[in-house]
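For the sequence shown, my numbering begins at 18 and goes up steadily by one.
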Amino acid sequence: MRNNHRLRWAAIPLAATLAVVLAGCTQAQLHGFLPGFEEEGETAVTNQTDRIAGLWTTSWIVLLIVGLITWGLIIWTIVVYRRRKGQTGLPVQLRYNMPIEIFYTIVPFILVIGFFAFTVRDQVAIEARYDNPDVTIEVQAKQWAWDFNYVDEDVYSPGIQGQVDPNGEVGAIDQSKLPVLVLPVNKTIEIALESRDVIHSFWVIDFLYKKDVVPGKTNYMSVTPERIGTFAGKCAELCGEYHSLMLFNVEVVSQEDYDIYVQTLRTAGYTGQLDNEFDRNQNQPGTSAPTAPEGN
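Following this line, the structure appears as structure tokens:
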């Protein structure tokens, strides 16, 4: 009874300390320092970022609790079973403690099953495609840039790899020349991902999500942007010499600004769709392309 009473009194300051610490956390800290949660009260970047951040942060909390328990047991064992003054030889050896063996088998099993179940649950939700998306985008990845097809509007935006800014610091990139993918806010978007050469990876950092772009295969990303702003993107798969310059930006804008942007593409003559016509893999051995001039 006395021990229970002491534990009860010890729990009060512990709970108060945790409450104060958690109350003082910023949005970035509460979301595991993931990008996209820098400012208090900001709307989630997409409909999936809260889900992804929740899985990440909860996983770390569980792992930290397991770590604290493990470290506590190690320290407790060192203190309680240390060799004391006057003792010689080895201490009494304990083996085959069945309760402990069962405990150390069941707990990791529960953790693995739990992480697997929550990961699958969130993965199914994230990977679900929209039946009738408001906007359909096709991304053509190439060494070392991106082309964007606005399928419903039948216009496109060609891109070039990142260019060094001559007026900036050493290694600075000219942001005005990067490929730009413009998306309307609060609209369901389906992005079809294609590659003309090697494996790339389409990564919008603040979306907390990336997907491989594989030659000969179409992958899909379904997302609803919920915050207006400009978000950095890059290729997240080593794809050759200028991989580090395979950059782009995503601009989430109002529907009105989106319509204006589409019209500027149409006025500039960027009508139609870019496809895999320039796919370098068509020239590889084993394809229908000739490997030597005729007559030789």
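C-beta atoms are modelled at their ideal positions from N, C-alpha and C, and glycine is treated no differently. Here the structure is a predicted model, which means the values were calculated and not measured.
Can you have a look at residue i and say buried or exposed, based on whether 16 or more other CB atoms are within 10 angstroms of its CB?
i    : result
G176 : buried
A285 : exposed
N313 : Only weak support is given to the placement of N313: the predicted model assigns it a pLDDT of 49, under 50, and the value that follows is read from those uncertain coordinates. Exposed, by the Cβ-count rule.
L225 : buried
K102 : exposed
I69  : buried
Q110 : exposed
N184 : exposed
F165 : buried
R23  : Low per-residue confidence applies at R23: pLDDT is 48, beneath 50, and the placement is therefore not dependable enough to give any value.
E294 : exposed
G179 : buried
D223 : buried
V221 : buried
Q279 : Rather than Gln, the amino acid found at residue 279 in this sequence is Val. V279 is buried by the Cβ-count criterion.
Compare the Cα-Cα distances from residue i to each of the options and report the closest residue.
i    : options                : result
P232 : T153, I119, V215, T122 : V215
F133 : S76, N114, L111, N166  : S76
A142 : D151, D229, T66        : T66
A253 : Q272, S193, K227       : K227
D292 : H217, E211, P242       : E211
G250 : R283, Q160, M263       : M263
G257 : A61, A162, P116, F120  : A162
T153 : T60, T241, R283        : T241
Y237 : V156, Y259, A61, V124  : V156
G71  : R138, I119, I91, T87   : R138
G131 : R283, Y275, V79        : V79
Write down the C-beta distance between residue i and residue j rounded to the nearest angstrom, noting that I regard them as a contact closer than 8 Å.
i    : j    : result
G246 : D171 : That pair is no contact at about 27 Å.
V181 : A189 : 7 Å
N266 : L195 : 5 Å
V230 : F219 : 6 Å
T63  : E243 : 6 Å
Name the one or two DSSP bridge partners that residue i has.
i    : result
A189 : Its beta-bridge partners do not exist; DSSP assigns none.
I154 : Y167, I208
Y173 : N166
A249 : N266
T94  : DSSP output for T94 lists no bridge partner at all.
If you measure from the CB of residue i, is any heavy atom of the ligand MG nearer than 7 Å?
i    : result
Y259 : Among the components of this structure there are no ligands whatsoever, and the ligand MG is therefore not found.
| said: Using a Cβ distance threshold of 8 Å, determine whether the stretch 132-151 contacts the stretch 202-212, with at least three qualifying pairs required. | reply: Flag = yes, the stretch 132-151 and the stretch 202-212 touch.
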